[in-house]
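To start, the structure itself, in structure tokens.
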């Protein structure tokens, strides 16, 4: 259901992400969900064993998952924004030699961007982004777990309430808590994560930083993977010349003959 929802979301996008880029984007969610699920299970086991008895692991898993879906996701997104902002700051301060080497902060500052060719994405860049998002999710869920342990007396009431509702029906209880509720909430969480983790039009600190300097020729930053400007059906001409205007206060970009080094 989650994959179907994300596929429908992609279908409604304008411009639409290529399938390769879309698969790389949602795979980041897959890895982080697996790591977060393991942390959630560990927290549920610890909470149920230290709660003094009287409540089941299913009840505690429901409590932990509900806190993960609200507080945990909010913290993960906050950590993600802090990490990408820090990487963008480092990227703007980097020199051109460091940019050519492809430092990790360039990959992190350009979330959802895996190179100029969607048919041959840079897997190293994708890997850096996977590790960063997984770290944010695991850190957020660890903090949620600490809050769960500290709030055991209060959360035990919620867990006991869930146990009473499914008393004598352990199979239904397990199916509801472990499958049905996560499946419904995961659709909304997947939509939110996809918005956070995909390439956003008009962003790209790395593209701007890589073109800074006194060079008379610069390569325009693509606003999408299709080479089209947002709101414009015409392809972007990636080779433009910057020519000084004698009576203006700066430079004006004009289309001219292709500078040396631009392919036909």
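Residue numbers (this note's numbering): 174 to 437.
Just so it is clear, CB atoms sit at the ideal spot from N, CA and C, and this is done for glycine as well.
Top-ranked residue by Cα proximity to residue i, from the options
i           : options            : result
residue 306 : 344, 222, 255, 321 : 255
residue 242 : 370, 188, 371, 362 : 362
residue 234 : 328, 371, 193      : 328
residue 223 : 321, 339, 347, 341 : 321
residue 302 : 257, 314, 326      : 257
residue 294 : 183, 196, 211, 203 : 196
residue 239 : 217, 259, 228, 260 : 217
residue 174 : 230, 214, 359      : 359
residue 299 : 229, 199, 311, 319 : 199
residue 288 : 220, 194, 204      : 194
residue 245 : 325, 206, 232      : 206
residue 344 : 221, 186, 231, 304 : 231
residue 204 : 219, 308, 229, 228 : 308
DSSP-derived helix/strand/coil call for residue i
i           : result
residue 182 : helix
residue 191 : coil
residue 201 : helix
residue 359 : helix
residue 292 : coil
residue 174 : coil
residue 299 : helix
residue 324 : coil
residue 342 : coil
residue 306 : helix
Outcome for residue i when other beta-carbon atoms lying within 10 angstroms are tallied against a minimum of 16
i           : result
residue 335 : buried
residue 366 : buried
residue 201 : buried
residue 317 : buried
residue 352 : exposed
residue 330 : exposed
residue 389 : Because residue 389 sits at a pLDDT of 37, beneath the cut-off of 50, its placement in the model cannot be relied upon, and the following sentence gives the value as read from the coordinates. It counts as exposed.
residue 342 : exposed
residue 262 : exposed
residue 283 : buried
residue 286 : buried
residue 184 : exposed
residue 237 : buried
residue 247 : exposed
C-alpha distance - residue i paired with residue j, whole-angstrom precision
i           : j           : result
residue 208 : residue 181 : 26 Å
residue 188 : residue 354 : 33 Å
residue 279 : residue 371 : 15 Å
residue 349 : residue 373 : 36 Å
residue 356 : residue 210 : 13 Å
residue 192 : residue 297 : 18 Å
residue 179 : residue 369 : 13 Å
residue 212 : residue 260 : 27 Å
residue 338 : residue 214 : 22 Å
residue 281 : residue 250 : 14 Å
residue 364 : residue 310 : 16 Å
residue 266 : residue 252 : 21 Å
residue 290 : residue 176 : 24 Å
residue 277 : residue 264 : 10 Å
residue 495 : residue 292 : Nothing can be reported for residue 495, as the shown portion of the chain is limited to 174 through 437.
residue 325 : residue 190 : 44 Å
residue 221 : residue 340 : 17 Å
residue 333 : residue 186 : 44 Å
residue 347 : residue 228 : 14 Å
residue 319 : residue 312 : 11 Å
residue 323 : residue 304 : 29 Å
Secondary structure, alpha helix (DSSP H): runs of 4+ residues fully inside the segment 220-288:
DSSP runs (the alpha helix (DSSP H)) wholly in the segment 220-288: 230-240, 246-266, 269-274, 277-282.
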